[in-house]
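Novice:
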Amino acid sequence: MPTKKKAIKKSLKENLDDVDVPCCDSYLRCPYEAKNTLKEHLFKVNSGFYIPGIYDNQLRQLETVINQCVECGESNSVLVIGPRGSGKSKLLSKVLLDVYNNHGSDYFYVYLSGLIHTDDRSALQDLARQLELEKCYWG
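In this text, residue positions in the sequence shown follow numbering that gives the first Met the number 0: the first is 0, and each later residue adds one.
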């Protein structure tokens with residue numbers, strides 16, 4: 000025999016399944032919908048989201064280093080540091096997208112994570128795996 004609490008919960012669930020309750024007035028956008036739309040556009044890797052004037056100096060420096068790698072075959076390393084949410088990944092994504100638009104498929108992008116690749120062996124294995132996939136894809 001169900002308890003009183005479970006019976007009330009079941010009754011409410013059955014009665015509310017058919018009810019469409021608007022969370023906002025019809026002429027306003029739902030704040031949850033607006034929040035989700037913003038999240039979708041801001042956190043896409045290639046969303047094109049970029050605010051001009053912010054990090055212009057860093058953008059130019061990063062573009063220069065990556066362009067030298069692609070055009071001249073130089074081997075460079077870059078360390079991008081900053082607080083969480085400051086736009087490090089967005090900055091790198093913007094630069095890589097610009098380089099791809101300028102150079103096409105003249106280079107391969109390999110993603111390695113310090114959280115996943117804790118030793119040299121796992122990093123090299125994933126590097127080889129990603130390059131082999133690129134080789135198969137590009138011929």
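Built from N, CA and C at the ideal position, the CB exists for glycine as well.
Using the beta-carbon count (16 or more within 10 Å), is I80 buried or exposed?
Specialist: Numbered from its first residue, the sequence shown carries residue 80 at position 81. With fewer than 16 Cβ atoms within 10 Å of its Cβ, I80 is classed as exposed.
Novice: For I65, report the span of its alpha helix (DSSP H) as first-last.
Specialist: Counting from one through the sequence shown, the residue named residue 65 turns up at place 66. It spans D55 to C71 - the alpha helix (DSSP H) in which I65 sits, taken as one unbroken run.
Novice: Go through its chain and collect everything with a Cβ distance to E62's Cβ below 8 Å, but skip five positions before and after it.
Specialist: If you number the sequence shown from 1, residue 62 lands on position 63. For E62, where only same-chain residues beyond five positions count, the Cβ hits under 8 Å are V94, D97 and V98.
Novice: Out of G86, Q67 and Q129, state which residue places its alpha-carbon closest to the alpha-carbon of L111.
Specialist: Against the sequence shown, residue 111 aligns to sequence position 112. Of the candidates G86, Q67 and Q129, the one whose C-alpha sits nearest the C-alpha of L111 is Q129.
Novice: If Y54 sits next to G84, beta carbons under 8 Å apart, how far is it from one beta carbon to the other, in whole angstroms?
Specialist: Numbered from its first residue, the sequence shown carries residue 54 at position 55. Numbered from its first residue, the sequence shown carries residue 84 at position 85. With 8 Å as the limit, Y54 and G84 do not qualify as a contact, their Cβ atoms being about 13 Å apart.
Novice: Note down, in chain order, each residue of its chain lying with its Cβ closer than 6 Å to the Cβ of Q67, except the 5 sequence neighbours on either side.
Specialist: Residue 67 sits at position 68 when you count from the first residue of the sequence shown. Counting only Cβ-Cβ distances below 6 Å, and skipping sequence neighbours, we find E73.
Novice: For I115, does the count of other Cβ atoms within 10 angstroms reach 16, so buried, or fall short, so exposed?
Specialist: Residue numbering aside, residue 115 sits at position 116 when the sequence shown is read from its first letter. Exposed, since its Cβ has fewer than 16 Cβ neighbours within 10 Å.
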